[in-house]
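A short worksheet on the structure shown next.
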Amino acid sequence: MKQLLLISAILVSSVQLIGQRFAYVDSRYILENMEEYQEAQKELNAISKQWQETVEAKIAELDEMKRTFEAEKILLTDEMRKERLTQIKEKDKEVKDYQRAKFGVKGELFTRRQELIKPLQDEIYNAIKELASERSYGIVFDKGVNTNILFSDPKYDKSDVILKKLGYSARDE
């Protein structure tokens, strides 16, 4: 009896899945065709480059401190050696703290990226949701992220529809 119920439940659920409509979009493609995204990327790249140059300058300064210490170590008293090592450790900590503050998981670059990109992603999500509702799609996959879609028929790709809904046109057109 339990097996019969289980088999009938599987059959009913598989029949429901057969009738399910689906589509896919490529969020990366959509973003790349949005002018605001291009501008945001340029801004993020400029900020990142500036901060990276600062990091490299700080690292060069730290390396110079280490080289100078190694060259003068023999001539220094124990107290002076300890003082220089303390300065080197402090500089090293300063460099790492700066890197973490700018490029870390909750760093300024991440925060700035969220401020610039998240509203665009929300806009795309809302357009996808609206399209799914209008056309009765039960599932919309995103090909732009790692979803392991091995093959996709272009007729199910609704990325250009989303771009038009957002007021953009595809670059290929």
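Per the working numbering, the very first residue in the sequence shown carries number 91; after that it's consecutive. Just so it is clear, CB atoms sit at the ideal spot from N, CA and C, and this is done for glycine as well.
Through-space distance from residue j to residue i, alpha-carbon basis
i       : j       : result
Glu-157 : Gln-204 : Per the sequence shown, the amino acid found at residue 157 is Arg instead of Glu. If I take the Cα positions, the gap works out to 40 Å.
Asp-153 : Glu-143 : 15 Å
Ile-137 : Gly-194 : 14 Å
Trp-141 : Arg-174 : 27 Å
Thr-167 : Phe-159 : 12 Å
Val-102 : Phe-200 : For Val-102, the predicted model reports a pLDDT of 49, less than 50, meaning its position is unreliable; a value from the coordinates is still stated below. So the alpha carbons of these two residues sit roughly 46 Å apart.
Lys-186 : Lys-172 : 21 Å
Arg-225 : Ala-150 : 58 Å
Anticipated Cβ contact below 8 Å, residue i with residue j, distance rounded
i       : j       : result
Lys-139 : Glu-184 : Lys-139 to Glu-184, Cβ: 21 Å. No contact.
Met-155 : Leu-210 : Met-155 to Leu-210, Cβ: 43 Å. No contact.
Gly-234 : Arg-118 : 4 Å
Gly-228 : Gln-110 : 4 Å
Ile-214 : Ile-120 : 6 Å
Gln-189 : Val-145 : 6 Å
Leu-134 : Arg-202 : 6 Å
Own chain, CB closer than 7 Å to residue i, minus 5 neighbours either side, in chain order
i       : result
Glu-122 : none
Glu-198 : Ala-191, Lys-192
Close Cβ partners of residue i (< 6 Å) along its chain, the five nearest in sequence each way excluded
i       : result
Ala-222 : Val-230
Tyr-127 : Leu-121, Leu-210
Whole alpha helix (DSSP H) runs in the segment 197-233 with 4 or more residues, listed along the chain?
-> 198-225
Would you be able to state if there are at least three C-beta pairs under 8 Å between the segment 243-252 and the segment 112-120?
-> yes
The segment 212-219 in contact with the segment 165-183 per 3-pair CB rule at 8 Å = no
Which full runs of the beta strand (DSSP E) of 3+ residues lie inside the segment 112-137, going along the chain?
-> Restricting attention to beta strand (DSSP E) runs no shorter than 3 residues, the segment 112-137 encloses them at 112-115, ordered along the chain.
Could I get the ranges of all uninterrupted alpha helix (DSSP H) runs contained in the segment 151-197, with 4 residues as the minimum, in chain order?
-> 168-193
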